[in-house]
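In the numbering used here, the protein residues as written are 39 to 472.
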Ligand code: UDX
């Protein structure tokens, strides 16, 4: 199949590269010339483990190209995917669809021959129908159908999630479109990965409902964690005991400093908006959002307690600022709330993050950057673990406690055991929910 991918961000680039690895001829399009130039040099502009090797292999095989020329890329395509950003409009939680509709117009002007226009970006329910209206209005002669194909890619595991998905969701309204989409995903179909065919609105809703439910699990366990601290229970064991129930499952029950990323915050607020607009408030999702905000504030209070009630004059080492490990993405990372609060309270903050510095430098003004946890901990009054990078999982706790002026640890990802940390010479240890 000839496939065009509009947008080379986290979703578009991973999807385009993986579709070329299925054997399809893929052209990835982006308006950002410097991004396309980098990609044509074989440089990957995002950190996604394994992506560079697959990209190189398919460029060499002549199945993967990059261009800024939408018209040329659309003309002969069997399917054109829209994978542009749908950021939250500041303040009102609305998903900003201007990039999606702009792409739809660009595509409409260049369509020739039957083409399926697939929206992969996460979009409010009803958007695929609006994309069809925009295309029809822009090019009344166009012979096309739209399809909804939401992504379920976790950053840091995106290749695996694309190649071995729990399911592929496809919203279509015609047999022709269903046939094209079936051909695109045949490599997965032949390996028995479930493909769910449904209507456009249902496919759009599946994406929001899935992400909002995962966020609900996280806010739920984070609330339970706060109560565990009060009653002397251990949230890790609570999560284990809960998760062994097959109806609950053990995933997404890790208590921490709150969820971040480019999806959960955006998708939960968009779903809440959609509910309000249709007079059907998503009260659980609204609560999930407010709980998540409260969790981040509770983490600051936890560190404040560890620092005897004031950050003034304190030096705090922060391990990890990306919203999760194995990514360089800082979008809505809890660090963007917690670190400024430490600085605002008078602390000096030293940050270590294997991939976070590239974006973090601009987003976290006022911090200094260290190359490793031991350097960051020199003379520090507290050590704060914010992101559970593997590099932070087997630190020499003795060396850390000797380097610090008052060795105290706030382990917000529950990586270590209190006993081990105190035995290594720390004066205090604070986990989450235990
Ligand atoms: C998520 C969804 O998992 C994915 O299916 C969707 O397509 C995009 O959004 P992603 O945002 O990349 O993926 O990361 P994910 O691994 O889901 O984690 C999201 C946030 O939740 C991170 O901040 C993570 O630290 C946090 N989290 C996750 C927890 O706090 N506890 C958990 O148990 C799991």
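Even glycine gets a Cβ: it sits at the ideal position worked out from N, Cα and C.
Please return the same chain residues whose Cβ sits closer than 7 Å to the Cβ of residue 312, not counting the five positions on each side in sequence.
Here the question's residue 312 lines up with position 274 in the chain shown. Excluding sequence neighbours, residue 312 sits near 162 and 163.
As assigned by DSSP and simplified to three states, the class of residue 56
In the chain shown, counting from the first residue as 1, residue 56 sits at position 18. It is helical.
Would residue 385 pass as a contact of residue 352 if the rule is Cβ separation under 8 Å?
Here residue 385 is taken as the residue at index 347 of the chain shown, counted from 1. Here residue 352 is taken as the residue at index 314 of the chain shown, counted from 1. It is a contact, given that the beta carbons lie within the stated cut-off.
Decide yes or no for the touch test of the region 450-460 against the region 321-328: beta carbon pairs closer than 8 Å, at least 3 of them.
no
Determine the contact status of residue 383 and residue 348, defining contact as a CB-CB distance below 8 Å.
Locating residue 383 in the chain shown gives position 345, counting from the first residue. Locating residue 348 in the chain shown gives position 310, counting from the first residue. Yes, the pair counts as a contact, with Cβ atoms nearer than the cut-off.
Which of helix, strand or coil DSSP assigns to residue 179
Counting from one through the chain shown, the residue named residue 179 turns up at place 141. Three-state result, residue 179: coil.
Relative to the C-alpha of residue 292, which candidate in 304, 272, 365 and 121 has its C-alpha closest?
As a position in the chain shown, residue 292 is number 254, starting the count at 1. If we check each option's Cα against that of residue 292, 272 comes out closest.
Counting only the same chain and skipping the five closest in sequence on each side, list residues whose C-beta sits under 6 Å from that of residue 112.
As a position in the chain shown, residue 112 is number 74, starting the count at 1. Same-chain partners within the cutoff: 42, 118, 145 and 148.
If you measure from the CB of residue 301, is any heavy atom of the ligand UDX nearer than 7 Å?
As a working mapping, residue 301 is identified with position 263 in the chain shown. Placement of the Cβ of residue 301 at a distance of less than 7 Å from at least one heavy atom of the ligand UDX is found.
To the nearest angstrom, how far is it from the Cα of residue 443 to the Cα of residue 463?
Working through the chain shown from its first residue, we reach residue 443 at position 405. Working through the chain shown from its first residue, we reach residue 463 at position 425. About 12 Å.
Assuming residue 360 contacts residue 368 (C-beta within less than 8 Å), just tell me the rounded distance between them.
Position 322 of the chain shown holds residue 360. Position 330 of the chain shown holds residue 368. Going by Cβ atoms, the distance from residue 360 to residue 368 rounds to 6 Å, so yes, they are a contact pair.
Range covered by the beta strand (DSSP E) that runs through residue 2:
The structure shown does not extend to residue 2, since the chain is modelled only from 39 through 472, so no value can be given for it.
Simplified DSSP assignment, three categories, for residue 401
Stepping through the chain shown from its first residue, residue 401 is reached at position 363. In this structure, residue 401 counts as helix in the three-state DSSP scheme.
In chain order, what residues of the same chain have a beta carbon less than 8 Å from the beta carbon of residue 254, not counting five sequence neighbours either side?
One-based indexing of the chain shown puts residue 254 at position 216. Correct list, in chain order: 322, 323 and 326.
Suppose the cutoff is 7 Å on Cβ atoms and the five residues either side in sequence are ignored; what does the same chain contact list for residue 167 look like?
Position 129 of the chain shown, counted from the first residue, corresponds to residue 167. Taken in chain order, the residues that qualify are 238.
Would you identify the three-state DSSP class for residue 159, choosing helix, strand or coil?
Within the chain shown, the letter at position 121 stands for residue 159. Looking at residue 159 - three-state DSSP - the assignment turns out to be coil, as it is neither helix nor strand.
Can you tell me the Cα-Cα spacing of residue 430 and residue 308, whole angstroms?
The sequence position of residue 430 within the chain shown is 392, counting from 1. The sequence position of residue 308 within the chain shown is 270, counting from 1. Whole-angstrom Cα-Cα distance: 34 Å.
Over the uninterrupted beta strand (DSSP E) stretch that includes residue 209, give me the two end residues.
Position 171 of the chain shown, counting from 1, holds the residue named residue 209. Looking at the DSSP string, the run of the beta strand (DSSP E) that includes residue 209 is 206-210.
Could you name the residues that DSSP lists as bridge partners for residue 119?
Locating residue 119 in the chain shown gives position 81, counting from the first residue. The partner list for residue 119 (beta bridge, DSSP) reads 43 and 156.
Can you tell me whether DSSP reads residue 48 as helix, strand or coil?
Along the chain shown, one-based indexing puts residue 48 at 10. Correct three-state label for residue 48: helix.
Just the Cα atoms here: how many angstroms apart are residue 244 and residue 300?
On the chain shown, residue 244 is found 206 positions in, with the first residue counted as 1. On the chain shown, residue 300 is found 262 positions in, with the first residue counted as 1. Between residue 244 and residue 300, the C-alpha separation is close to 18 Å.
Of the listed residues 470, 396 and 93, nearest to residue 423 (C-alpha basis)
Translated into the one-based positions of the chain shown, residue 423 becomes position 385. Among 470, 396 and 93, the Cα nearest to that of residue 423 is on 470.
DSSP three-state assignment for residue 422, whether helix, strand or coil:
If you number the chain shown from 1, residue 422 lands on position 384. In the structure shown, residue 422 sits in a strand (DSSP, three-state: E or B).
Report yes if the CB atom of residue 121 is closer than 8 Å to the CB atom of residue 47, and no otherwise.
For the purposes of this step, residue 121 is taken as residue 83 along the chain shown, with counting starting at 1. For the purposes of this step, residue 47 is taken as residue 9 along the chain shown, with counting starting at 1. For residue 121 and residue 47, yes; Cβs fall inside 8 Å.
Between residue 191 and the ligand UDX, is the CB less than 7 Å from at least one heavy atom?
Locating residue 191 in the chain shown gives position 153, where the first residue counts as 1. Residue 191 has its CB nearer than 7 Å to a heavy atom of the ligand UDX.
Using beta-carbon positions only, say whether residue 208 and residue 175 come within less than 8 Å of one another.
Here the question's residue 208 lines up with position 170 in the chain shown. Here the question's residue 175 lines up with position 137 in the chain shown. Going by C-beta atoms, residue 208 is not nearer than 8 Å to residue 175.
Take residue 298 and list the residues in its own chain whose beta-carbon comes closer than 6 Å to its own, dropping the five residues that flank it on each side.
Position 260 of the chain shown, counting from 1, holds the residue named residue 298. So the list reads 361, 370, 371 and 372, once near-sequence residues are dropped.
For residue 314, the three-state DSSP class (helix, strand or coil)
One-based indexing of the chain shown puts residue 314 at position 276. In this structure, residue 314 counts as helix in the three-state DSSP scheme.
Can you grab the Cα-Cα spacing for the pair residue 305 / residue 169, in whole Å?
In the chain shown, residue 305 corresponds to position 267, counting from 1. In the chain shown, residue 169 corresponds to position 131, counting from 1. Taking the straight line from one Cα to the other gives about 19 Å.
Could you tell me whether the Cβ atoms of residue 159 and residue 49 are closer together than 8 Å?
Locating residue 159 in the chain shown gives position 121, where the first residue counts as 1. Locating residue 49 in the chain shown gives position 11, where the first residue counts as 1. Their beta carbons are under 8 Å apart, which means residue 159 touches residue 49 by this criterion.
Helix, strand or coil at residue 375 according to DSSP, with G and I counted as helix:
In the chain shown, the residue the question calls residue 375 occupies position 337. Here residue 375 sits in helix by DSSP.
Please name the residue in 80, 85, 116 and 440 whose C-alpha comes closest to that of residue 100.
The residue you call residue 100 lines up with position 62 of the chain shown. Proximity to residue 100 across 80, 85, 116 and 440 peaks at 80, based on C-alpha coordinates.
Is it the case that the Cβ atoms of residue 52 and residue 191 are separated by a distance below 8 Å?
In the chain shown, residue 52 corresponds to position 14, counting from 1. In the chain shown, residue 191 corresponds to position 153, counting from 1. Yes, the pair counts as a contact, with Cβ atoms nearer than the cut-off.
What does DSSP give as the partner residue(s) for residue 436 in the beta ladder?
Locating residue 436 in the chain shown gives position 398, where the first residue counts as 1. Beta-bridge pairing links residue 436 to no other residue.
Under 7 Å from any heavy atom of the ligand UDX, does the C-beta of residue 274 make it?
Against the chain shown, residue 274 aligns to sequence position 236. Checking the Cβ of residue 274 against the ligand UDX gives no.
Any non-hydrogen atom of the ligand UDX closer than 7 Å to residue 361 Cβ
For the purposes of this step, residue 361 is taken as residue 323 along the chain shown, with counting starting at 1. At least one heavy atom of the ligand UDX is nearer than 7 Å to the Cβ of residue 361, so yes.
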